[in-house]
Amino acid sequence: MTSRDKTSPTSDPRKRRSRGEVRKKTGQTATLRPAFPSPQRGGQSGALAQSPSLPMTPTSFQSERVPAGWQHRHLLDLERLTGDEIRLLLDTAALFKEATDHCRRKLTVLTGSTVVNLFFENSTRTRTSFSLAARRLGADVIDFSASTSSLSKGESFIDTARNLEAMGIDAVVVRHSTPGTPHLLAQHLDVGVINAGDGPHEHPTQGLLDIFSIRERLGDLTGVTVGLVGDIAHSRTARSNLWGLLKLGAKVILCGPPTLVSQRWRELGVEVSHDLDAIVPRCDVLNLLRIQFERQNTRPFPSVREYAHLYAMTSDRLTRAKPDLLILAPGPINRGVEMTAEVADCRQSLILDQVTNGLAVRMGVLWLTCGPREPAAARVHVPPVSDARTRG
Ligand code: MLT
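Residue numbers (the working numbering): 2 to 393.
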């Protein structure tokens, strides 16, 4: 039984509030009806019952419940989601983006919920984005600081998390350098667990926001060619992109030095290249990934200058690309390493759109994790992450 299940219907403020209230920045309150789908014919309700996508009608929210097409309690990775579940996440994010006027206005759909940020690694975008997303939905946010907590007095990670849970929280957003940490938490907690990056393993909301940004420009991803360039071996962003893109029918090319891009990735159905110049003309999208020096024991190339010469996206390379090539980067970006400053700021760059879309995606994820749902929603068994999945 979750903490939410223990709450009586009348004591839950989310059940008392009027439907879909939106507080505008000006302070006045507008009314929006949540655009989640109502039960469909044939017994199954939710987006997936009628199509892989939600109806894109953000001004006609029909139900405040999490759609039945979303049966998960947690968001741990994209590897174990289906294409339809990923589409549902993206469609939910799109609804929230529109309902909040491009992520600027506030809703009250999670009023009464509390989200805890449990970050054991540095973060600028992800932590801020989760905090803002939770607040945009009306939730309270607690930022847990590992260095000033009782972890430094010897308390175990699980005990710390259980203590936080006992305070009546609804979701934990966790970032940790050890792959599988969110999966471990999910086995011990009854509240929703959202992976905000587990070492080099996965960063599902980053993968979703990258894919969301591509889909917003190009529509259906079937047949779209996406090049992921850089430190594939250590990049959790690469892994989440790879799973999400493949499940949505995109063609994925992994590109970088042989020391950072193993030919073994081909076993997953992706193309592997060590020659950026050869792949640039074929790509519709390039996602330029940072070299994760903090996760490397040895230098994977002689010098950053040499890496940039071979793998940085430059204006010159842009002239040989499709005219509408989209440029993505998860950030933080290192101008002059993954790309030149001109490319970072060029017409096709979606880098700042990605940041805005991160809010939309995280609102969608928080809603699906914390929003009210049918009591019978299935709990999904969470197997541990295998070591093999984290290797480059
Ligand atoms: C991450 O935390 O993995 C970032 O989003 C990407 C990076 O650090 O390069």
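Where a beta carbon is used, it is the ideal one built from N, C-alpha and C, also for glycine.
Specify the secondary structure class of residue i as computed by DSSP and reduced to three states.
{"i": "V174", "result": "strand"}
{"i": "F294", "result": "helix"}
{"i": "F120", "result": "strand"}
{"i": "T115", "result": "strand"}
{"i": "W197", "result": "The sequence shown places Ala at residue 197, not Trp. Of the three classes helix, strand and coil, the one that applies to A197 here is strand, per DSSP."}
{"i": "E375", "result": "coil"}
{"i": "D160", "result": "helix"}
{"i": "G169", "result": "coil"}
{"i": "G155", "result": "coil"}
{"i": "P180", "result": "coil"}
{"i": "S148", "result": "helix"}
{"i": "L190", "result": "coil"}
{"i": "H235", "result": "helix"}
{"i": "T206", "result": "helix"}
{"i": "L138", "result": "coil"}
{"i": "T125", "result": "coil"}
{"i": "P56", "result": "In this prediction, P56 scores a pLDDT of 44, lower than 50, which makes its location untrustworthy; no coordinate-derived value is stated."}
So, using beta-carbon positions, are residue i and residue j closer together than 8 Å?
{"i": "L360", "j": "R137", "result": "yes"}
{"i": "H202", "j": "R163", "result": "no"}
{"i": "V110", "j": "G372", "result": "yes"}
{"i": "Q355", "j": "I328", "result": "no"}
{"i": "T341", "j": "S316", "result": "yes"}
{"i": "L261", "j": "A234", "result": "yes"}
{"i": "R363", "j": "T115", "result": "no"}
{"i": "A140", "j": "L367", "result": "yes"}
{"i": "L277", "j": "Y312", "result": "yes"}
{"i": "G208", "j": "G231", "result": "no"}
{"i": "R374", "j": "V67", "result": "yes"}
{"i": "I212", "j": "L91", "result": "yes"}
{"i": "T127", "j": "G198", "result": "yes"}
{"i": "V142", "j": "E166", "result": "no"}
{"i": "V173", "j": "L190", "result": "yes"}
{"i": "L287", "j": "L326", "result": "yes"}
{"i": "L255", "j": "L229", "result": "yes"}
{"i": "E339", "j": "A330", "result": "yes"}
{"i": "L89", "j": "G70", "result": "yes"}
{"i": "P241", "j": "H204", "result": "First, the residue type needs correcting, since residue 241 is Ser and not Pro in the sequence shown. Yes."}
{"i": "L77", "j": "A187", "result": "yes"}
{"i": "I87", "j": "G245", "result": "yes"}
{"i": "T161", "j": "S151", "result": "yes"}
{"i": "E319", "j": "C284", "result": "Reading off the sequence shown, one finds Leu at residue 319, where the question assumed Glu. Not in contact: L319 and C284 (Cβ atoms no closer than 8 Å)."}
{"i": "D144", "j": "S132", "result": "yes"}
Which one or two residues does DSSP pair with residue i in a beta bridge?
{"i": "N252", "result": "Here the sequence assigns Lys to residue 252, which means Asn is not the residue at that position. T226, per the DSSP bridge assignment."}
{"i": "R1", "result": "No information on residue 1 is available, as it lies outside the stretch 2 to 393 that the chain covers here."}
{"i": "I1", "result": "Because the chain is modelled from 2 through 393, residue 1 falls outside the range shown and cannot be assessed."}
Looking at chain B, is there any beta carbon in it that lies within less than 8 Å of the beta carbon of residue i?
{"i": "T112", "result": "In the displayed structure, chain B is absent; only one protein chain is listed."}
- Task: Inspect the CB distances between the stretch 107 to 120 and the stretch 172 to 189 and report whether three or more fall short of 8 Å.
- Result: yes
query = Whole alpha helix (DSSP H) runs in the stretch 59 to 111 with 4 or more residues, listed along the chain?
reply = 84 to 100
(message) Three Cβ pairs or more, each shorter than 8 Å: is that satisfied between the stretch 335 to 342 and the stretch 278 to 298?
(response) yes
Can you find at least 3 beta carbon pairs, one from the stretch 205 to 225 and one from the stretch 246 to 263, that sit closer than 8 Å? yes
Can we say the stretch 65 to 84 touches the stretch 150 to 161, given the rule of at least three CB pairs closer than 8 Å? no
Is there contact between the stretch 262 to 271 and the stretch 95 to 113, where contact requires at least three CB pairs shorter than 8 Å? no
Query raised in the report: Can you give, in chain order, each stretch of the beta strand (DSSP E) that sits fully within the stretch 258 to 293 and has at least 3 residues?
Result: 272 to 274 and 286 to 289
Item checked: Length-filtered (4 minimum) alpha helix (DSSP H) runs lying within the stretch 294 to 377 -> 305 to 312, 316 to 319, 342 to 345 and 352 to 371
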